[in-house]
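J.:
Residue numbers (this note's numbering): 958 to 1476.
1) Over the uninterrupted beta strand (DSSP E) stretch that includes residue 1446, give me the two end residues.
2) Have a look at 1000, 1230, 1116 and flag the residue whose alpha-carbon is nearest the alpha-carbon of residue 1260.
3) Counting Cβ pairs closer than 8 Å, one from the segment 1257-1277 and one from the segment 1203-1217, do we hit at least three?
4) When the Cα atoms are used, what is the spatial distance from residue 965 to residue 1463?
5) Quick one: using the 10 Å Cβ neighbour count with 16 as the cut-off for buried, is residue 1042 buried or exposed?
6) Around the Cβ of residue 1022, are there at least 16 other Cβ atoms within 10 angstroms (buried) or fewer (exposed)?
7) Within the segment 1261-1300, note down every full alpha helix (DSSP H) run reaching 4 residues or more, in order along the chain.
8) How would you call residue 976, buried or exposed, if buried means at least 16 neighbouring beta carbons within 10 angstroms?
9) Can you list, in chain order, the residues of its chain with a C-beta nearer than 8 Å to that of residue 1201? Leave out the 5 residues immediately preceding and following it.
10) Below 8 Å on the Cβ atoms is my guess for residue 1114 versus residue 1160; work out the distance and round it to an integer in Å.
11) Work out the CA separation of residue 1139 and residue 1333 for me, nearest whole Å.
12) Which residue marks the beginning of the alpha helix (DSSP H) containing residue 1012, and which one marks its end?
13) If I measure Cβ to Cβ from residue 1050 and keep anything under 7 Å in the same chain, skipping five residues before and after, which residues do I get?
14) Can you give the Cα-Cα distance for residue 1056 and residue 1458, rounded to whole angstroms?
15) Can you tell me whether residue 1434 is helix, strand or coil according to DSSP?
16) Tell me the DSSP bridge mates of residue 1461?
17) Between the C-alpha atoms of residue 1289 and residue 1100, what's the straight-line distance to the nearest angstrom?
18) State buried or exposed for residue 991, treating a residue as buried only when at least 16 other CB atoms are found within 10 Å of its CB.
19) From the DSSP output, in three-state form, read off residue 1334 for me.
20) Under the three-state reduction of DSSP, which class applies to residue 1116: helix, strand or coil?
21) Report the three-state DSSP secondary structure of residue 1398 (helix, strand or coil).
22) Check this for me: beta carbons of residue 1009 and residue 1383, under 7 Å apart or not?
23) Considering only DSSP beta bridges, list what residue 1361 is partnered with.
24) Go through the segment 1201-1236 residue by residue and report every complete run of the alpha helix (DSSP H) that reaches 4 residues or more, in order.
25) Please determine if the segment 1441-1453 and the segment 1413-1424 are in contact, where contact requires at least 3 C-beta pairs separated by less than 8 Å.
26) Using the Cβ count rule (16 or more neighbours within 10 Å means buried), how would you classify residue 1014?
27) Using CA atoms only, rank isn't needed, just tell me which of 1197, 1084, 1093, 1117 is closest to residue 1105.
28) Assuming the contact rule is C-beta atoms closer than 8 Å, residue 1430 and residue 1466 should be a hit. Round their C-beta distance to whole Å, please.
29) Please name the residue in 1118, 1128, 1243, 1131 whose C-alpha comes closest to that of residue 1192.
30) What does the alpha-carbon distance come out to for the pair residue 1166 and residue 1371?
31) Give me, in chain order, the residues of the same chain whose beta-carbon lies closer than 6 Å to that of residue 922; leave out the 5 immediate sequence neighbours on both sides.
32) Would residue 1121 be called buried (16 or more neighbouring beta carbons within 10 Å of its own) or exposed?
33) For residue 1017 and residue 1072, what's the separation of their Cα atoms in angstroms?
34) Do residue 1134 and residue 1102 have their CB atoms nearer than 7 Å?
35) What three-state label does DSSP hand residue 1393 in the structure shown?
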């Protein structure tokens, strides 16, 4: 009954959206109803899985939910669908990485030792980036950029880069900042890259430029850091290579697209940041204690980033980057104040730093106030051009627009097929099955915090402890036998091999528990 209600509810909600669009001519209201239908579809996946006790890799539930939303992302282009799609993918990445830690690592392309890292996410993010650039919408792009940054950050958790992860964070931020600077001046599509890039690289450089970080840093190669075939030194060396390759690729693509108007000065600072972060991270890997040069680099790079943001705000006459540059400078001042106060500089060094910060703010303020309005912009306002997509893409979009009813029906059919397929596979497995009645026993009928309650279970724990003593893990089979109490059956014997005949329960044991996790 539950599965039928879910299928009917999903179909009715989407049907109402279809009627609002076609019958009443209310496309915006129809989009809201279809968005509600996507929520009902996702609820259906999890409720069916719970009702049928489906034993699967449960982060896949979020993935299938996101896949069912893709057609609406491509067809509707509404902010809510993009937000839902990106949110589902972000949660899927988090679940895939965090809830797979400690599990056996997987094989990939013939190599072993690959932890689960949601490696399909860059491909799944393509529809969102495509629509954002097609619509020239910084708002939609502002959803996709943090999704990619989030996935990159989670790779440090999946691969367990430990202390070295701060260099990976800085590499991600510097590359995002490089992509932002690769856009033409005044292009609003650079804003999401610049915001998230500046945020990540500032946080990383504050740590890299700190004396406390280098005092706690473990230098030299460390083996067996991530398990499997990857040691810590090899892994972090690969991350260094990825950071440099991404920066080189951005520079090359920018040069190829704008050979005549290529401005190397706009790209110099983020490129140098990426190179410096990788260089000092690699020196730490090979055992070179480059703490003093790294701290000089980190603090100089932060000041350079603040100047860059202030300059962007002045040239584009935008308050946000100008204010972020000033705010970053104040954050750097506070962080270094704490360092100097706790280190050799003491109160005198901290007071001198605050005096320097105050003088710098006065200079910047006077500069902004005295600048003539005509001199704040050195270029004409950027006029975004129309991106020329391949002809087959425009043809596909034109066909989908002309056959929107068929596309919408196919999208709804996909969602109903996923939920209905889950139900069908479980029902098919029970075709011709008989009914087995088991007695349940109460466990812990009272708790100090939860009061009176009843937990029901089967008498399997005693049989498993009797027949499988010690720590066990993996599948377990409990054979059922008739009892003398009417039609009920009771657990008779436990083993880790499948019985040749007769009814049995199948479950999975924890390593240090005799409790059946699933049956």
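C-beta: ideal position from N, C-alpha, C; glycine also.
T.: Taking the geometry as given:
1) Position 489 of the chain shown holds residue 1446. In this chain, the beta strand (DSSP E) harbouring residue 1446 covers 1445-1452.
2) Within the chain shown, the letter at position 303 stands for residue 1260. If we check each option's Cα against that of residue 1260, 1230 comes out closest.
3) No contact exists between the segment 1257-1277 and the segment 1203-1217.
4) To locate residue 965, count along the chain shown from 1; it is residue 8. To locate residue 1463, count along the chain shown from 1; it is residue 506. If you draw a straight line from the Cα of residue 965 to the Cα of residue 1463, it comes to about 33 Å.
5) Along the chain shown, one-based indexing puts residue 1042 at 85. Its Cβ being crowded by 16 or more others within 10 Å, residue 1042 is buried.
6) The residue given as residue 1022 occupies position 65 in the chain shown. Flag for residue 1022 reads buried.
7) Entirely contained in the segment 1261-1300, the alpha helix (DSSP H) runs reaching 4 residues are, in chain order, 1276-1299.
8) Looking up residue 976 in the chain shown gives position 19. Under this definition residue 976 is an exposed residue.
9) If you number the chain shown from 1, residue 1201 lands on position 244. Exclusion of the five residues before and after residue 1201 leaves 1231, 1232, 1235 as the residues of its chain whose Cβ lies within less than 8 Å of its Cβ.
10) Position 157 of the chain shown, counted from the first residue, corresponds to residue 1114. Position 203 of the chain shown, counted from the first residue, corresponds to residue 1160. By a beta-carbon distance limit of 8 Å, residue 1114 does not contact residue 1160. Their separation comes to about 16 Å.
11) As a first step, residue 1333 is located in the chain shown; it is residue number 376 there, counting from the start. As a first step, residue 1139 is located in the chain shown; it is residue number 182 there, counting from the start. At residue 1333 the pLDDT is 44, less than 50, meaning the model places this residue with poor confidence; the figure from the coordinates comes in the next sentence. Near 21 Å, if we compare the C-alpha coordinates of residue 1139 and residue 1333.
12) As a position in the chain shown, residue 1012 is number 55, starting the count at 1. No alpha helix (DSSP H) contains residue 1012, which DSSP labels as neither H nor E.
13) Counting from 1 along the chain shown, the entry for residue 1050 is found at position 93. Contacts found: 1075, 1078, 1107, 1108, 1111.
14) Start at 1 with the first residue of the chain shown, and residue 1056 comes out as number 99. Start at 1 with the first residue of the chain shown, and residue 1458 comes out as number 501. In this model, residue 1056 and residue 1458 are separated by some 36 Å (Cα to Cα).
15) Position 477 of the chain shown holds residue 1434. Note: residue 1434 maps to strand in three-state DSSP.
16) Your numbering for residue 1461 matches position 504 in the chain shown. Beta-bridge partners assigned by DSSP to residue 1461: 1436.
17) One-based indexing of the chain shown puts residue 1289 at position 332. One-based indexing of the chain shown puts residue 1100 at position 143. Distance between the alpha carbons of residue 1289 and residue 1100 is about 28 Å.
18) Residue mapping note: residue 991 aligns to position 34 of the chain shown, counting from 1. With a 10 Å radius around the Cβ and a threshold of 16 neighbouring Cβ atoms, residue 991 comes out buried.
19) Translated into positions along the chain shown, residue 1334 becomes position 377. Because the pLDDT of residue 1334 is 45, which lies under 50, any placement of that residue in the model is unreliable, and the number read from its coordinates should be weighed accordingly. The three-state reading of DSSP puts residue 1334 in coil, since its state is none of H, G, I, E or B.
20) As a position in the chain shown, residue 1116 is number 159, starting the count at 1. In the three-state reduction of the DSSP assignment, residue 1116 falls in the coil class.
21) Numbered from 1 along the chain shown, position 441 holds the residue referred to as residue 1398. Strand, per DSSP.
22) Here residue 1009 is taken as the residue at index 52 of the chain shown, counted from 1. Here residue 1383 is taken as the residue at index 426 of the chain shown, counted from 1. Against a cut-off of 7 Å, the Cβ pair of residue 1383 and residue 1009 comes out as a contact.
23) Sequence index remark: in the chain shown, residue 1361 carries index 404 (1-based). BP columns for residue 1361 are empty, so no partner.
24) Listed in chain order, there is nothing to give.
25) Segments in contact, yes.
26) In the chain shown, residue 1014 corresponds to position 57, counting from 1. Under this definition residue 1014 is an exposed residue.
27) The residue you call residue 1105 lines up with position 148 of the chain shown. Comparing Cα-Cα distances from residue 1105 to each of 1197, 1084, 1093, 1117, the minimum goes to 1084.
28) Working through the chain shown from its first residue, we reach residue 1430 at position 473. Working through the chain shown from its first residue, we reach residue 1466 at position 509. Your pair residue 1430 and residue 1466 checks out as a contact, with CB atoms roughly 6 Å apart and the cut at 8 Å.
29) Numbered from 1 along the chain shown, position 235 holds the residue referred to as residue 1192. For residue 1192, the nearest C-alpha among the options comes from 1118.
30) Taking the chain shown and counting its residues from 1, one reaches residue 1166 at position 209. Taking the chain shown and counting its residues from 1, one reaches residue 1371 at position 414. Residue 1166 and residue 1371: Cα-Cα distance of roughly 51 Å.
31) With the chain running from 958 to 1476 in the structure shown, residue 922 is simply not present.
32) Here residue 1121 refers to the residue found at position 164 of the chain shown. Burial call: buried.
33) Counted from its first residue, the chain shown places residue 1017 at position 60. Counted from its first residue, the chain shown places residue 1072 at position 115. The straight-line gap separating the alpha-carbon atoms of residue 1017 and residue 1072 is approximately 16 Å.
34) Against the chain shown, residue 1134 aligns to sequence position 177. Against the chain shown, residue 1102 aligns to sequence position 145. Between residue 1134 and residue 1102, the C-beta spacing is not below 7 Å.
35) Indexing the chain shown from 1 puts residue 1393 at position 436. It is coil, neither helix nor strand.
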